[in-house]
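Quick note: the sequence shown, position 262, residue 1271 per my numbering, numbers continuous. Glycine residues also receive a C-beta, built at the ideal position from the N, C-alpha and C atoms. Small disclaimer: the values here were computed from a predicted structure and weren't measured.
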Amino acid sequence: MQQLKRLGKMNIGSLHIKGHTFLAPLAGITNLPFRLMVKSCGCSVVCSEMISARGMFYNQAKTMKLLATDPLERPLSVQLFGADTPSITRAAKMIEEMQIADMIDINFGCSVRKVVKTGAGVALMKTPGVAEHMLKGLRDTVSLPLSIKIRSGWDATGNQAFEIAHIAQNAGIDAIAFHPRTATQGFGGKADWSLIRKLKQICDIPVIGNGDIKSPEDAFHMIEQTHCDAVMVGRASLSNPFLPSQIDQLINAGTYTSPDTDDIFQKMIELTQAYVSHFGEQVGCKMLRGRLSWFVRGWPNSSLFRKRLSQIRSKHETLSLIQSFKADLHG
Ligand SMILES: Cc1cc2nc3c(=O)[nH]c(=O)nc-3n(C[C@H](O)[C@H](O)[C@H](O)COP(=O)(O)O)c2cc1C
């Protein structure tokens, strides 16, 4: 595959980025241990789960825990969601003052009922006046680079993205991450990459393409077809945390290396240790049941491993299970 020579150095406002890959914000998944793992595999920029601006305002313990970060994961994008200018600007200011992030992303895409009914997430795409007020307020309040993450639209016409992008650019927002599915689509159907191309044609700020990238080749095709400036990988990073790094290799060198099973087992061990130390043994192991099973999808005899995984309760049990699966696999 050819190298993509057209992709130059990537800047988001004052932030210089090495590479062209972003880990997508995934609620309940892109917590600190997960981000550190993906970063250690070579992703350019990782993004936090969405964090409630109001939760920060009320200093809610659950929200504040989501703000745990580590210098090793930088550059880091922290994503906020909220429906009103005062709470979102205050939260952004707090993040800037805490010096924990290199950029702040505002969620314009979440279609979960609980979020939408407050006027946040994708609901902002049907209230351009509110969106404009919020984005201008943010720009006036913080100097950190700002991005928004949008869907194609609120309803089936799916063309609110262009209006919101226009507003964002005029308000001084530095980049747009674009997942071209409508709110009604949720995660069904296919992401319409032709809309990324269209957005790129009307935007002067960087456009980060997102949706349905499952392989380095998919990312290559997205960049070729849409001319987006970078790509964002979500669900596929669950089974292959090396994917962003493979994409950067393909962009730069026209080829990429694939992790072998030992590399994957090593990441599973590291993730187990990190989850237990971050969340505690009981909660960490419960979360690992789902997380670790993604790594071995499609591997021989993985169903037995997954079955046993669903009962793990301790770090020791988890590590032994990984080691025995590894030994069985290497026969
Ligand atoms: C479990 C899950 C959680 C998500 N959480 C968020 C979130 O917190 N903020 C956000 O902007 N998008 C969120 N998304 C959307 C993803 O960031 C991404 O736009 C979408 O999954 C499409 O990319 P993909 O095909 O690479 O997964 C979430 C998606 C999933 C599946």
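Taking the Cβ of residue 1242 as the reference point, at least one heavy atom of ligand 1 falls within a distance shorter than 6 Å. Excluding its 5 nearest sequence neighbours in each direction, residue 1047 has C-beta neighbours in its own chain below 7 Å: 1032, 1055, 1246, 1250 and 1253, listed in chain order.
Classified as buried, residue 1129 has 16 or more neighbouring CB atoms from the shown chains inside 10 Å of its CB. Taking C-beta separations shorter than 6 Å and ignoring five residues to either side along the sequence, the partners of residue 1105 in its chain run 1151 and 1153, following chain order. Residue 1121: not part of any beta strand (DSSP E); DSSP gives it neither H nor E. Collapsing the DSSP output to three states places residue 1154 in coil. Residue 1264 is classed as exposed because its beta carbon has fewer than 16 other beta carbons within 10 Å across all chains shown. In this structure, the CA atom of residue 1065 is about 25 Å from the CA atom of residue 1283. The continuous beta strand (DSSP E) containing residue 1056 extends over residues 1055 to 1061. Membership of residue 1239 in the beta strand (DSSP E) is indicated by the continuous run 1239 to 1242.
As the crow flies, the alpha-carbon of residue 1257 is around 37 Å from that of residue 1139.
For residue 1088, the uninterrupted beta strand (DSSP E) run begins and ends at 1085 to 1090, by DSSP. Rounded to whole angstroms, the gap between the alpha carbons of residue 1072 and residue 1334 is 36 Å.
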